[in-house]
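A.B. asks: Residue numbers (the UniProt record's numbering), protein chains in the order written: chain Y, 1 to 741; chain G, 1 to 741. The structure under discussion is supplied below as structure tokens; questions concerning it will follow.
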């Protein structure tokens, strides 16, 4: 025995050679590696002997049934893809949906006999196990059925047509298929052949699937449509972004499966749409997990593509799958649009929605605070902006067996990294029904979404010595309107009523009380309502215009009222964050009893043009104090300036597989040059993403860009174009095209 | 205009210089940086002028009230720490609990007058805001109260004693304190002084706090006790680990706050015990977030401390806080023990519990599968072990305002990284009440914990052609017993009834049906119950013993039964994962009608000794097929071999602040040498962690290690010692010591 040393406290662990914690093996923790990649696979032996093979080996197996050929019937004009609504996927492989029958043709070495023991085997991931649903043998006879049904529908000579119905809750992803034949000495099976790999997707057409959506028009829109419209701007001056979801484009399905692989999501969880969508909401952003898209709201997009420049998801997903690195850059609608592609591609009904005046970063509280100083002027140092002009998220459709009855249907998922949602950069699925009824105790993140549409704006007055008191509560500003694209049309649909009961409705306050029971905090002071109202007009203004802002003061009292008013105009990001103030007025307005007075402020473009940030939002906040009563009055409005547009035109035959021409035109309407300009163009079913770079467009000059393209399929679609440069973002154009077969 | 290039599709983003996504600024996304570190702070100005200071500056302020001194009354013998149960913390600073009054003494430049405007200000984090609860002014007069109450309790000459009551839901952490005086020209305040920093903790003694626990004995145990006993072994042969939680040791409170800082948890969330515990359950393990402890179950602990070697939490927390790197290594009880320290240190009532036969890695399913081959023998290739011999987690006590009434109280949190809990390495808080009643739809992770205590073990028979059928379901194996230390005693307390209704109870099956409604899947086949029972005995065996295993076959039928039996003995990790098989017998056992027969298997130490892995668990699985009926019979038992013990003795005066002596003795009872031996020793209130290294202890030889120590406080406590080397782990000893004042 040798006594070597006595360590004083604390006794540190021996250092690692690298200074980093060493890699630890899984030994002792798990019997086998868990399978968390769909692209990993394992070799299934071509021959699996029964019992111990004797010293003389096996006899020749020539006398037993052998497999000569397997036909997956995977061409778009064959029965499988048509029945399974997967014709549009640009893929060589068979793509089917779960819970629904598909057929394969097997050619044997001789005519099939009912006594032959055959099985069609499906394998997914690197650790196939029957009990985990990653190895599924399917048998043709009634007495030997497994969780997937099999039957023989036709036998002609040596050819057997076998029909297979994957379980309606099976794992979604790419399977390998084998044909196995039982011989007296063991199992013989086909060699792995990539052309027999098949994709199994979620199935909104089948009642047993958790994503069943019993409405053909909705399914056509929310699963099959590649053409998107995403709303932005202001609730009273709504603007549109066109988007090519591109879920059927070559490589997109593989990219979507790669996202799940990159997240190391266990294969066994990939049949559950709740888990798939929750995981994807984390993976679509790069935070935490090196996911798909890097968020950037700074205005500096030097090292990537400006969020406003993208016209579709295809580029983003293919770049991520090939580079295996996060793609730069996204803001909320880009996250929502790419997430939408992911969901539709895997077969989960999904749509992008836009919430106007969305309360953020307040972590489930129902309060957004604005601090005024003793004079009633906004105190910008103490007000943390947290109302976005608009915010986009996704809804996806599924049952919620993990919740009590009534909370299935549309679920909110949101891939935009939020600062404070449980400290994690993911959100949802949260039941829209639960949000509407204030039942925010159910997972996931319902309280957070509830606050986004229901927060009160509370104005506090702060006195010099630091005391603060609430002076006004605005209960209708936040969550003003929720929009999504109407199914089967290019128009918008107001779905605000799916999130909230109408203002003044009996249930409206009940819901808020319910939400408070579950911990949402609200300002409860009963505040005097001022008898002077401030009203700001609806404005539709183009970038570069001078215009007038008329602030209306309505005196509802029987006495004269004098209002010390602060009118502040500032440039804001769409996140509500202030960039700079460009206008300030401090008029004193006098209004006679029961009279109304308009105070006009002239806004000159020279004051705001140089300071504009992307999306060209002007935020007007008017606050004031009524001299006679000490009451505080407020009004807020965001004006989104309209940008110039691109002109897009097409010419040519407008027939499938016949080349035609698209022309994009743009004139620089400004008195300054535009530098570093990217123009992008694409269209579902007609054109893959293309882009063109112009180093300079001088003031007043025009450009014309012509591209040839060949439509791949018939129907009405759109070509979408965007123009983007540091000095001018969010310039769009599109044209509708109908292609004949 | 210059036309430069047309990119073919897809158009990639420009590459970044480093090949990695560039860092993106927060500009445009948030108005200010969000505060997520308690160690960050901001300078509050010593003078804050009102309005604009004129060109001649300010007049001298000598005529106005000035602050000469502030006394935090922070000594352990003063009133604050006594009233707030914080005397034991080894800290110079004031430590109080929220929702309860404490006092500070302020000395002014002259006698205080009621017309003087003074405030005591508290600031936490780098972005203090009143509306976020990170800046709180407290006023002494009734008419100007804020969310924290203030009052003057005494005025003597120039000295004012001010009593302050922090809100019962305030942020928990380290605050800076200032005294502010309002002068006509502005606010003057004290300079930042670290001795005036104070810690505010959760308060289980106050009814308004979410962690209120209305039971003094439980509070003494679950908040104030440093001495822990953590159970392990087998449900019928329970073993103990002693543990020094050390939550009051110097530096431990700062280390716990550092854990939250490292997690970048927003300061504003740190008053909510739900959020704090959820975040901590993620941060205690190193997965995802470089948290406190690296898990290692491999048996190779070369680059760190073996999990079985630790005797307390202090070393681990101080090492993490100083190195800012994950500490190597932990297994479940180490995670639970360090988490317990964290919770008790911050004032959240907490205890460590042990669940015997804990079902894992099955992701909320209520099935654990064991696959037998056609003969009834276990198929190790297809059986993925997922029942841990035991698993430790934490319970913490709090209300659950986010859930419906009835789900407050004890909540499960678990820091051990689970493979499949929502893809994230964290778990809870999950309401124990909700688990007991199958109400697993409520956050967080209740379904996962429910499965840990309620899974069925399903035996499948797999035929050669791959078909599988369930042959037996064992509904009582998993979650056999849940234990925790009894409050105020060194005995154990069986709390199984808090997790489950008793077997056969009316409600037992109702609960399982309820859980199934929320998506837990169970095996529902109605299987014939075999009329032969297998019974394995309870065994208490020491490492190195030869012993007999008597397998009893009970025939409950009126006919003879013949059982083809497979008896398999294997070395397993405590996670249930098999290391190697050391015993196999294949007897055929015949039992007469209504008779019982014992089959005896001799287990020789020479067969298992060389193969033993840490924790020395032998797993016996007996399976068989009844020839007459084809029924399957099974039995399983884990035997934990008893290790030799350390002898610990103390001698000396046994008085506070008087040096005494501890002696650890050990004799190597084996026929082989032990190499690379660490011995550790510590004791709450008497000895900080110490360790000693022996390179070699030859067979049969003895060692004696003597250490001097000086008890810091009176009372009965324990000295805990462990011995650890690669060939022998989990050797413990302890001695009880009573220290006189």
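We put the CB at the ideal spot given by N, CA and C, even for glycine.
Just checking: is the beta-carbon of residue 29(G) within a distance shorter than 7 Å of some beta-carbon in chain Y?
C.D. replies: Chain Y, which has a Cβ nearer than 7 Å to the Cβ of residue 29(G), makes this yes.
A.B. asks: Thinking C-alpha only, which one of 529(G), 586(G), 152(G), 642(G) is nearest residue 473(G)?
C.D. replies: Answer by Cα proximity: 529(G).
A.B. asks: Just reading off the alpha helix (DSSP H) that residue 498(Y) is part of, what are its end residues?
C.D. replies: Its alpha helix (DSSP H) spans residues 496-499.
A.B. asks: Using a Cβ-Cβ cut-off of less than 9 Å, list which residues of the segment 270-300 of chain G approach chain Y; keep chain order.
C.D. replies: From the segment 270-300 of chain G, only 272, 274, 275, 278, 279, 282, 286, 288, 289, 290, 294, 295, 296, 297, 298, 299, 300 have a Cβ closer than 9 Å to chain Y.
A.B. asks: Rounded to the nearest angstrom, what separates residue 632(G) and residue 376(G) at their Cα positions?
C.D. replies: Near 7 Å, if we compare the C-alpha coordinates of residue 376(G) and residue 632(G).
A.B. asks: With a threshold of 7 Å between beta carbons, is residue 144(Y) in contact with chain G?
C.D. replies: By this cut-off, residue 144(Y) is an interface position.
A.B. asks: How big is the Cα-Cα spacing for residue 404(Y) and residue 210(G)?
C.D. replies: Between residue 404(Y) and residue 210(G), the C-alpha separation is close to 27 Å.
A.B. asks: Shortest alpha-carbon distance to residue 503(G) belongs to which of 476(G), 437(G), 514(G)?
C.D. replies: That would be 476(G), whose Cα lies nearest to the Cα of residue 503(G).
A.B. asks: Using a Cβ-Cβ distance under 7 Å, would residue 641(G) count as near chain Y?
C.D. replies: It does not: the Cβ of residue 641(G) has no partner Cβ on chain Y nearer than 7 Å.
A.B. asks: Out of 534(Y), 182(Y), 250(Y), 429(Y), which one is the CA nearest neighbour of residue 321(Y)?
C.D. replies: Measuring from the Cα of residue 321(Y), the nearest candidate turns out to be 250(Y).
A.B. asks: For residue 366(G), go through chain Y and note every residue whose CB falls closer than 9 Å to its CB, in chain order.
C.D. replies: Going along chain Y, no residue has its Cβ under 9 Å from residue 366(G), so there is no contact; the nearest lies around 13 Å.
A.B. asks: Evaluate contact between the segment 617-625 of chain Y and the segment 506-525 of chain Y, counting only Cβ atoms and requiring at least three cross-stretch pairs below 8 Å.
C.D. replies: The answer is no - the segment 506-525 of chain Y does not touch the segment 617-625 of chain Y, with fewer than three Cβ pairs under 8 Å.
A.B. asks: Thinking C-beta only, is residue 287(Y) closer than 7 Å to residue 417(Y)?
C.D. replies: Contact flag set, yes.
A.B. asks: Going by CA-CA distance only, name the one from 162(G), 544(G), 360(G), 283(G) that's closest to residue 603(G).
C.D. replies: Taking only the C-alpha atoms, the option nearest residue 603(G) is 544(G).
A.B. asks: With 8 Å as the limit, tell me which residues of the segment 562-574 of chain G have their beta carbon closer than that to any beta carbon of chain Y; keep them in chain order.
C.D. replies: Under the 8 Å Cβ criterion, the segment 562-574 of chain G contributes 573.
A.B. asks: Considering only C-alpha positions, which residue in the set 665(Y), 315(Y), 379(Y) is nearest to residue 129(G)?
C.D. replies: Nearest C-alpha to residue 129(G): 379(Y).
A.B. asks: What first and last residue would you give for the alpha helix (DSSP H) that runs through residue 319(G)?
C.D. replies: Element bounds for residue 319(G): 314-323.
A.B. asks: Buried or exposed: which applies to residue 195(Y), given that a residue is buried once 16 or more other Cβ atoms fall within 10 Å of its Cβ?
C.D. replies: Classification of residue 195(Y): exposed, given that the 10 Å Cβ count is below 16.
A.B. asks: Considering only residues of the segment 618-659 of chain Y, which uninterrupted beta strand (DSSP E) runs meet the minimum length of 3 residues and lie entirely inside it, listed in chain order?
C.D. replies: Counting only runs of 3 or more, we get 632-640, 647-651.
A.B. asks: If contacts are defined as beta-carbon pairs under 8 Å, then residue 565(G) and residue 590(G) qualify, I think. What distance do you get, rounded to the angstrom?
C.D. replies: That pair is no contact at about 11 Å.
A.B. asks: Any idea if residue 25(Y) is buried or exposed, counting beta-carbon neighbours within 10 angstroms, 16 or more meaning buried?
C.D. replies: It counts as exposed.
A.B. asks: Against chain G, which members of the segment 446-474 of chain Y pass a CB distance test of less than 9 Å?
C.D. replies: Going along the segment 446-474 of chain Y in chain order, one finds 447, 458, 460, 462, 464, 465, 466, 467, 468 with a Cβ nearer than 9 Å to chain G.
A.B. asks: When the Cα atoms are used, what is the spatial distance from residue 348(Y) to residue 43(Y)?
C.D. replies: About 31 Å.
A.B. asks: Applying the 10 Å Cβ sphere with the 16-neighbour rule, what's the burial state of residue 537(Y)?
C.D. replies: Residue 537(Y) should be labelled exposed.
A.B. asks: Using DSSP with H/G/I as helix, E/B as strand and the rest coil, what is residue 421(Y)?
C.D. replies: Its pLDDT being 49, under 50, residue 421(Y) is placed unreliably by the model, and the measurement read from it follows with that caveat. It is coil, neither helix nor strand.
A.B. asks: How would you label residue 708(Y), buried or exposed, when you count the other beta carbons within 10 angstroms and need 16 or more for buried?
C.D. replies: That one is exposed.
A.B. asks: Between residue 587(G) and residue 525(G), is the Cβ-Cβ spacing less than 7 Å?
C.D. replies: Cβ distance not < 7 Å, so residue 587(G) and residue 525(G) don't count as in contact.
A.B. asks: Kindly indicate which residue of 489(G), 513(G), 87(G) has the alpha-carbon position closest to the one of residue 76(G).
C.D. replies: When each option's Cα is compared against that of residue 76(G), the closest is 87(G).
A.B. asks: If we count the other Cβ atoms within 10 Å of its Cβ and call it buried at 16 or more, is residue 657(G) buried or exposed?
C.D. replies: Answer is exposed; the Cβ neighbour count stays below 16.
A.B. asks: Please compile the residues from chain G whose C-beta is within a distance smaller than 8 Å of the C-beta of residue 700(Y).
C.D. replies: Those do not exist, as residue 700(Y) stays about 11 Å from chain G at its closest Cβ, beyond 8 Å.
A.B. asks: Mapping DSSP to helix, strand and coil, what is residue 666(G)?
C.D. replies: In the structure shown, residue 666(G) sits in a strand (DSSP, three-state: E or B).
A.B. asks: Reducing DSSP to helix, strand and coil, say where residue 110(G) ends up.
C.D. replies: Coil, per DSSP.
A.B. asks: Closest Cβ-Cβ distance between residue 421(Y) and chain G: below 7 Å?
C.D. replies: Low local confidence applies: a pLDDT of 49 at residue 421(Y) is under 50, so the model's placement there is unreliable, with the coordinate-based value given in what follows. Residue 421(Y) does not count as touching chain G.
A.B. asks: Does any residue of chain Y bring its CB to less than 7 Å from the CB of residue 369(G)?
C.D. replies: Answer yes: the Cβ-Cβ gap between residue 369(G) and chain Y drops below 7 Å somewhere.
A.B. asks: Please name the residues in the segment 100-123 of chain G whose beta-carbon is closer than 8 Å to at least one beta-carbon of chain Y, in chain order.
C.D. replies: From the segment 100-123 of chain G, only 117, 119, 121 have a Cβ closer than 8 Å to chain Y.
A.B. asks: So the candidates are 99(Y), 66(Y), 169(Y), 257(Y); which of them puts its Cα closest to the Cα of residue 186(Y)?
C.D. replies: The option with the nearest alpha carbon to residue 186(Y) is 66(Y).
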